[in-house]
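Down below is the structure, laid out as structure tokens.
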Amino acid sequence: MDRFPRVIVDLAALSNNLETIRRQAPGCPVMAVVKANAYGHGLVAAARALQDADALAVARIGEALTLREAGVSNEIVLLEGVFSSQELDLAAEHRLTLVVHNEQQLRWLEDYPRANRFVCWLKLDTGMHRLGFTRPASEDAMARIQGAASVRQPPGLMTHLASSELLDDPITASQLSVFTELGRDWPGPVSSANSAAIFLRPETRVGWLRPGLALYGVSPIKGQTGNDLGLQPAMRLQTRLISVKNVKAGDSVGYNSAWTAKSSTRIGIAAIGYGDGYLRSFGNGTPVIVAGQRVALAGRVSMDMIALDLGAQSEAGVGDEVLLWGDGLAVEELAQWAGTIPYELLCNVSARVATEYAAPPPVLA
Ligand SMILES: *Cc1c(COP(=O)(O)O)cnc(C)c1O
Numbered sequence: 118m119d120r121f122p123r124v125i126v127d128l129a130a131l132s133n134n135l136e137t138i139r140r141q142a143p144g145c146p147v148m149a150v151v152k153a154n155a156y157g158h159g160l161v162a163a164a165r166a167l168q169d170a171d172a173l174a175v176a177r178i179g180e181a182l183t184l185r186e187a188g189v190s191n192e193i194v195l196l197e198g199v200f201s202s203q204e205l206d207l208a209a210e211h212r213l214t215l216v217v218h219n220e221q222q223l224r225w226l227e228d229y230p231r232a233n234r235f236v237c238w239l240k241l242d243t244g245m246h247r248l249g250f251t252r253p254a255s256e257d258a259m260a261r262i263q264g265a266a267s268v269r270q271p272p273g274l275m276t277h278l279a280s281s282e283l284l285d286d287p288i289t290a291s292q293l294s295v296f297t298e299l300g301r302d303w304p305g306p307v308s309s310a311n312s313a314a315i316f317l318r319p320e321t322r323v324g325w326l327r328p329g330l331a332l333y334g335v336s337p338i339k340g341q342t343g344n345d346l347g348l349q350p351a352m353r354l355q356t357r358l359i360s361v362k363n364v365k366a367g368d369s370v371g372y373n374s375a376w377t378a379k380s381s382t383r384i385g386i387a388a389i390g391y392g393d394g395y396l397r398s399f400g401n402g403t404p405v406i407v408a409g410q411r412v413a414l415a416g417r418v419s420m421d422m423i424a425l426d427l428g429a430q431s432e433a434g435v436g437d438e439v440l441l442w443g444d445g446l447a448v449e450e451l452a453q454w455a456g457t458i459p460y461e462l463l464c465n466v467s468a469r470v471a472t473e474y475a476a477p478p479p480v481l482a
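When you number the sequence shown by this note's numbering, it's gap-free, plus one each residue, and the end is 482.
Here's what the structure looks like:
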């Protein structure tokens with residue numbers, strides 16, 4: 118049975134992108150970020166495709182346990198650490214690496230009864246003010262994690278950049294200078310590079326890299342696509358036409374008559390909507406590819422359907438393939454149409470959309 122809409126993931130693209138990232142920073146170990154269902158690409162499948170990474174990284178322990186249940190044996194980093202002492206026990210049992218970003222997490226480690234149990238990264242807040250020990254608290258935290266018997270020594274030192282994709286934001290230089298200063302004599306590994314930093318900030322290519330988005334072939338940098346960076350986009354979101362009809366000048370289409378035909382045309386109805394993760398904020402004119410041709414969204418996105426202005430001469434018919442994003446229609450471009458970032462589009466694809474894993478289709482000339 119053909120299932121529509123569906124996501125088609127090119128797993129070879131993930132491993133190719135990992136190699137492309139390695140070439141950006143030779144010798145740097147890579148923590149492949151697979152949180153949020155591997156940015157919508159399928160947690161377990163993506164993790165397997167990325168098994169050559171030096172470690173995998175997730176946001177929450179549930180994601181790590183899913184990977185362990187699936188038999189993934191790579192090192193797994195919990196980017197936000199644990200949130201209870203029970204989770205700490207689970208982390209020990211499943212050999213999870215911990216990020217330690219607050220006082221409570223430090224105390225659980227100090228109180229843990231067994232020695233040398235956890236590989237850890239201490240997270241410093243160098244200016245983003247989200248997670249991590251702030252500069253005044255960092256000296257104490259650095260001393261304590263180095264003194265905690267349950268922590269395998271030496272732990273790593275990590276920070277996260279607030280604006281690494283923006284070349285003109287001074288916060289990055291400020292964060293990196295704080296991080297360099299605090300980490301000057303640190304005996305363990307360091308890590309500050311997310312996807313954007315890997316491509317834009319050579320000074321971050323000194324320790325572990327933490328790419329997420331770039332692994333999936335997508336650019337975090339506005340105005341550039343993954344292809345521009347030498348990456349291969351891994352996801353195609355596609356569906357098919359379920360109805361085609363003629364409308365005449367003055368006819369409106371969809372909820373609230375948000376689109377009105379200027380002249381007679383053919384309207385295709387495609388089986389995808391905001392209930393599948395195709396955002397309602399996509400408006401009139403958003404590009405969609407039908408049977409290889411770029412056409413435009415017409416009117417409001419419904420829960421299960423969208424309408425497309427196919428043009429008066431269109432020969433497209435029911436069953437024809439509709440590409441929402443993927444090779445030939447960059448998700449980075451789509452994000453601009455919705456006033457968002459490609460991260461949100463990828464993560465937002467709903468569970469009811471079937472995921473298939475395939476080699477990429479031949480590139481159309
Ligand atoms: C999500 C995340 C990353 C990956 O960020 P990308 O911009 O997708 O490369 C890296 N580090 C941390 C701490 C994260 O939470």
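For each residue, glycine too, the CB sits at the ideal point set by N, CA and C.
Query, Result
"Residues bridged to HIS237 [DSSP beta-bridge criterion]", "With the sequence shown as reference, residue 237 is identified as Cys, and His is not the correct amino acid for it. CYS237 is bridged to LEU215."
"Bridge-paired residues (DSSP) for ASN363", "ARG383"
"Contact belief for PHE235 with ARG261 at Cβ below 8 Å, rounded distance in angstroms", "Actually they are not in contact, since the Cβ atoms of PHE235 and ARG261 sit about 14 Å apart, beyond 8 Å."
"Cβ pair GLY394, ASP421 closer than 8 Å", "no"
"DSSP beta-bridge partners of VAL370", "TRP376"
"Same chain, Cβ closer than 6 Å to SER336, five either side skipped, listed in chain order", "THR342, GLY343, LEU346 and GLU449"
"Which listed residue (ILE178, ALA279 and ALA232) has its alpha carbon closest to that of VAL199", "ILE178"
"Nearest-angstrom Cα separation, counted from ARG252 out to TRP303", "15 Å"
"Identity of the residue in ILE359, LEU248 and LEU128 nearest TRP238 by Cα", "LEU248"
"For PRO478, the three-state DSSP class (helix, strand or coil)", "Unreliable placement is indicated for PRO478, whose pLDDT of 49 sits below 50; no coordinate value is reported for it."
"Where ARG293 sits in the DSSP three-state scheme", "Per the sequence shown, the amino acid found at residue 293 is Leu instead of Arg. Of the three classes helix, strand and coil, the one that applies to LEU293 here is helix, per DSSP."
"Sub-8 Å separation of VAL161 and LEU184 beta-carbons", "yes"
"First and last residue of the uninterrupted beta strand (DSSP E) at LEU442", "The residue asked about is misnamed: residue 442 is Trp in this sequence, not Leu. Note, TRP442: beta strand (DSSP E), 438-442."
"Classification of SER202 by the beta-carbon crowding that lies within 10 angstroms, buried from 16 upward", "exposed"
"Under the three-state DSSP convention, the category ALA471 falls into", "strand"
"Closest Cα partner of ILE406 within the set SER309, GLY416 and GLY385", "GLY385"
"Exposed unless 16 or more other CB atoms sit within 10 angstroms - verdict on LYS379", "exposed"
"Beta-carbon spacing of GLY409, VAL361 below 8 Å", "no"
"Nearest-angstrom beta carbon gap, THR214 and ALA163 [assumed within contact, 8 Å]", "At roughly 18 Å, the Cβ-Cβ gap does not stay under 8 Å, so ALA163 and THR214 are not in contact."
"Separation of MET148 from VAL102, as counted between CA atoms", "Outside the modelled stretch of the chain, which goes from 118 to 482, sits residue 102, for which no answer is possible."
"Residue-level contact to chain B via CB, ALA471, 8 Å cutoff", "Judged by its chain identifiers, the structure shown contains no chain B, having just a single protein chain."
"Bridge-paired residues (DSSP) for PHE250", "LEU241"
"Between the CA atoms of LEU463 and ARG469 - distance to the nearest angstrom", "14 Å"
"Proximal residues to ARG397 (C-beta, below 6 Å), its chain only, five neighbours per side dropped", "TYR391 and VAL418"
"Straight-line gap, VAL358 to TYR474 (C-alpha atoms, nearest Å)", "The sequence given here has Leu at residue 358, not Val. Going from the Cα of LEU358 to the Cα of TYR474 covers about 22 Å."
"Distance CB(ALA413)-CB(PRO404) smaller than 8 Å", "yes"
"Cβ neighbours of LEU427 in the same chain (closer than 6 Å, five flanking residues each side left out)", "ARG383, GLY385, VAL412 and ALA433"
"Cα-Cα separation, THR137 to PHE316", "11 Å"
"Backbone CA spacing between ARG139 and CYS145 [nearest angstrom]", "7 Å"
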